[in-house]
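> The numbering of the sequence shown is numbering that gives the first Met the number 0, which starts it at 0 and goes up by one.
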Amino acid sequence: METSNFINRAITPAIEKAYKYYPVLTITGPRQSGKSTLCRHLFPDFRYVNLENISTRSQAATDPEGFLTGLGDTCIIDEVQHVPELLSEIQVKVDEDRSRKFILTGSSNFSLLHNVSQSLAGRTAVFSLLPLSMSELSPEMKELPTDSLMFRGFYPGVIANSIPADMFYTNYYDTYVERDLRDLLRVGNLVKFDRFVRMLALRVGSEFNASALSREVGVSSVTIAEWLSMLQTSYIVFELPPYYSNQTKSLTKNKKIYFYDTGLLCNLLSITEPGAIANNVLRGAIFENMAVAELMKRSANAGKRPAYSFYRQNSGMEVDVVNPAADGSIDLYEIKAGKTLHSDYASNMKRLAETLQVPSKATVIYDGDTIAPTAINVRDI
């Protein structure tokens with residue numbers, strides 16, 4: 000994303016606040032979500048290095064201490080997960096002098112955070128920069144038809160640089176498979192992995208069944224679990240676990256899977272234009288995915304760890320999103336893709352609130368007018 004097209008990010012206040020207290024900031028998130036652009040914008044005087052560069056990576060791996068010394072006391076290190084040895088040296092540097100500042104980024108959630116937790120515990124604040132949220136869009140962009148919003152998705156490359164969505168997401172996915180997965184998967188499994196991802200897209204918002212997918216893809220359930228973990232750690236998908244409580248019984252034990260971005264989801268579903276969404280059998284699921292992803296972004300942009308889940312009894316009664324609040328109450332959300340608010344939309348939320356016997360707030364997320372506090376348009380999350 001070019002500097003001239005810079006979009007102010009909602010996560011900025013949380014990062015700036017943490018900068019006052021921590022010598023190291025760690026910012027994770029999917030590739031091309033704007034991590035480098037944001038860091039260089041917020042810290043323009045910091046030295047910048049990118050470990051995607053093979054030569055730079057080699058220098059850092061060969062002599063971590065000398066490499067850091069050469070960077071000075073304030074620097075941004077992009078894709079730091081490539082040289083995890085740097086983290087121990089950073090620990091030494093900041094313990095020697097707390098005025099030193101390091102901004103670390105990475106697009107591999109697990110490998111980066113695992114090493115950060117070991118080496119930089121108590122020394123770093125960790126953030127997730129996801130694709131753009133609705134609140135970060137221009138007023139003109141927010142006024143686009145809902146199907147256009149879902150098709151275009153929310154990556155800065157599409158929004159700020161006006162790259163055609165079909166071109167952007169095709170290249171994004173192909174590059175992801177080639178760059179991040181080719182060394183992890185046997186070549187023969189790349190075709191099956193692609194089939195798995197596309198079948199996962201067809202099941203978006205549905206309960207995840209590894210055994211069923213393993214039969215259809217032609218690999219073991221263990222492999223399916225490994226592949227799902229890869230997608231999660233590289234910020235392609237996230238899971239929504241089922242809600243549990245002592246007051247609830249006969250609940251499903253399966254999680255749901257959503258994509259971080261509906262533009263990529265539409266691409267994987269072979270949707271080639273916004274007009275093809277209207278009559279697609281999965282339109283409601285795509286809309287639900289967009290709404291749940293917006294809730295995730297809202298938490299991430301506030302520097303908070305999401306605690307969302309869904310509630311579903313084996314009998315079929317379901318509430319789309321459950322979010323326990325710090326004061327012991329719960330926020331309940333029902334997601335509907337239509338523009339008309341019906342009174343029965345809140346019925347399951349009311350029944351669940353009565354079952355749990357805790358203070359609750361019930362909100363319908365839909366495509367119509369915001370009617371506080373009963374319902375909100377998806378653009379107002």
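Beta carbons are placed, not taken as given, at the ideal position from N, Cα and C, and that holds for glycine. Predicted model only: the values in this text are computed from it and were never measured.
Starting from the Cα of Y20, find the closest Cα among S35, R122 and S118 and give me that residue.
Along the sequence shown, one-based indexing puts residue 20 at 21. Checking every option, the nearest Cα to that of Y20 belongs to R122.
> Report the three-state DSSP secondary structure of P138 (helix, strand or coil).
Position 139 of the sequence shown, counted from the start, is the residue given in the question as residue 138. Of the three classes helix, strand and coil, the one that applies to P138 here is helix, per DSSP.
> Of the choices L355, A325 and V320, whose alpha-carbon is the least far from that of V363?
Working through the sequence shown from its first residue, we reach residue 363 at position 364. Comparing Cα positions, the closest option is V320.
> Kindly list the residues whose CB is nearer than 8 angstroms to the CB of A17, restricted to its own chain and excluding five residues on each side of it in sequence; keep chain order.
To locate residue 17, count along the sequence shown from 1; it is residue 18. L24, A124, F126 and G302, listed in sequence order.
> Taking the straight line between their C-alpha atoms, what separation do you get for E206 and G105?
Counting from one through the sequence shown, the residue named residue 206 turns up at place 207. Counting from one through the sequence shown, the residue named residue 105 turns up at place 106. If you take the alpha carbons of E206 and G105, they lie about 30 angstroms apart.
> On a CA-only basis, which of K296, Y310, D77 and R46 is nearest E333? Give me that one, please.
Indexing the sequence shown from 1 puts residue 333 at position 334. Ranking the options by Cα distance to E333, first place goes to Y310.
> How would you write the range of the beta strand (DSSP E) that A124 sits in, first residue to last?
Taking the first residue of the sequence shown as position 1, residue 124 is located at position 125. T123 to S127 is the extent of the beta strand (DSSP E) around A124.
> If you check the beta carbons only, do A361 and A352 fall under 8 angstroms apart?
Within the sequence shown, residue 361 is the residue found at index 362, counting from 1. Within the sequence shown, residue 352 is the residue found at index 353, counting from 1. Contact flag set, yes.
> Could you work out which residue in G28, M133, Q312 and P323 is closest to A306 when comparing CA atoms only?
Counted from its first residue, the sequence shown places residue 306 at position 307. Per the Cα distances, P323.
> May I ask you to list the residues that DSSP assigns as paired with Q312?
Translated into positions along the sequence shown, residue 312 becomes position 313. BP columns for Q312 point to L250.
> Once the 5 residues before and after V82 are set aside, which same chain residues still bring their CB inside 8 angstroms of it?
What you label residue 82 is simply residue 83 of the sequence shown in a count that begins at 1. If we look at V82 and ignore the five residues flanking it on each side, its Cβ neighbours are L50, R56, A59, A60 and P63.
> Let's test the definition: count the other Cβ atoms within 10 Å of the Cβ of T2 and tell me whether it reaches 16, buried, or not, exposed.
In the sequence shown, residue 2 corresponds to position 3, counting from 1. Because the pLDDT of T2 is 45, which lies under 50, any placement of that residue in the model is unreliable, and the number read from its coordinates should be weighed accordingly. So T2 ends up on the exposed side.
> In chain order, which beta strand (DSSP E) runs of at least 3 residues are fully inside the segment 341-374?
You should have 359-365.
> Report the option in S210, I223 and N170 whose CA atom is closest to the CA atom of F195.
Here residue 195 refers to the residue found at position 196 of the sequence shown. Of S210, I223 and N170, the residue nearest in Cα terms is I223.
> In this structure, does DSSP put D379 in helix, strand or coil?
For the purposes of this step, residue 379 is identified with residue 380 of the sequence shown, where counting begins at 1. DSSP places D379 in helix when its eight states are reduced to three.
> Nearest to D94 by alpha carbon, out of A374, P22 and T11?
For the purposes of this step, residue 94 is taken as the residue at position 95 of the sequence shown. Checking every option, the nearest Cα to that of D94 belongs to P22.
> Could you please give the first and the last residue of the uninterrupted beta strand (DSSP E) stretch that includes Y171?
Stepping through the sequence shown from its first residue, residue 171 is reached at position 172. No beta strand (DSSP E) contains Y171, which is instead part of the alpha helix (DSSP H) from A164 to Y175.
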